[in-house]
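Asks: I'd like to ask you about the structure that follows.
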C-alpha cells in the first residue's frame, strides 16, 4: 500500500491534469485512511478531507462524471462530526448527473444513509421511496427496517 501511495504521489506530480489519477488517489485515500495518515503525516479525518479535495480536482477536470461526484458525496459519510447538510448537497449534485436508474437509485439510497446517520428516521423512508428500479433492494430493505426499528425505540427529541 505504501508503494501505491508513492506511485500516486509521483503520477500526480507528472500528470496533474488527469482527472482519473485524482479520482484513483482519492479512492486509495478512502480505502486505506490509517496508512494514508501515516504516509502523509496527517490525522485520519484529514485524509478524508484530502480525498474530497482530490475529488474536487477530478470534478473540475471532468464535471459531468457521475462516479467522481458520487464518490465525493460518499466520502462525506466518513467525516466526524458528520456534515449532514454537506452530504445531502453532494448527493443532490450527484443526482443531477445521474443518467441511469441504478445511478439515481444509488443516490437515493445514499441520501437515506445520510438521513440515518443524522437520526432523521422519517427522511430515510422518504428517500428510499424514491427508488424505482430493482437495484440495491437488499440494502434499501435493510436500511428501511433499521430506521423503522430506531424510530420505534428512540424517544423523539424536543
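In this note's numbering, the protein residues as written are 8 to 165.
Backbone N, C-alpha and C define an ideal beta-carbon position, used for all residues, glycine too.
No experiment lies behind these values; they were computed from the predicted model shown.
Starting from residue 78, trace the alpha helix (DSSP H) in both directions and tell me its first and last residue.
Replies: 73 to 82
Asks: Whole beta strand (DSSP E) runs in the region 117 to 147 with 3 or more residues, listed along the chain?
Replies: At a cut-off of 3 residues, not a single continuous stretch assigned as beta strand (DSSP E) sits fully inside the region 117 to 147.
Asks: Go ahead and pull the three-state DSSP assignment for residue 89.
Replies: Under the three-state reduction of DSSP output, residue 89 falls in the coil class, being neither helix nor strand.
Asks: What are the boundary residues of the alpha helix (DSSP H) that includes residue 4?
Replies: The structure shown does not extend to residue 4, since the chain is modelled only from 8 to 165, so the question has no answer here.
Asks: If the criterion is Cβ atoms closer than 8 Å, does the pair residue 72 and residue 83 meet it?
Replies: no
Asks: Quick check: the Cα distance between residue 165 and residue 70, rounded to an integer number of angstroms?
Replies: Confidence at residue 165 is low in this model, with a pLDDT of 47, below 50, so its placement is unreliable and no value can be given for it.
Asks: In whole angstroms, give me the CA-to-CA distance for residue 160 and residue 120.
Replies: Rounded to whole angstroms, residue 160 to residue 120 spans 18 Å at the Cα level.
Asks: Just to confirm my understanding: we take residue 118, look at its own chain, exclude 5 residues before and 5 after, and list those with CB closer than 7 Å. What are they?
Replies: Same-chain partners within the cutoff: 95, 98 and 134.
Asks: How many Å lie between residue 156 and residue 110 at the Cα?
Replies: 27 Å
Asks: Can you grab the Cα-Cα spacing for the pair residue 60 / residue 33, in whole Å?
Replies: 8 Å
Asks: Please report the Cβ distance between residue 125 and residue 114, rounded to the nearest whole angstrom; I am assuming they are in contact, meaning their Cβ atoms lie under 8 Å.
Replies: Not really, about 17 Å apart at Cβ, beyond 8 Å.
Asks: Report whether the distance from the Cβ of residue 114 to the nearest heavy atom of the ligand ZN is below 7 Å.
Replies: Within the structure as shown, the ligand ZN is missing, as the structure has no ligands at all.
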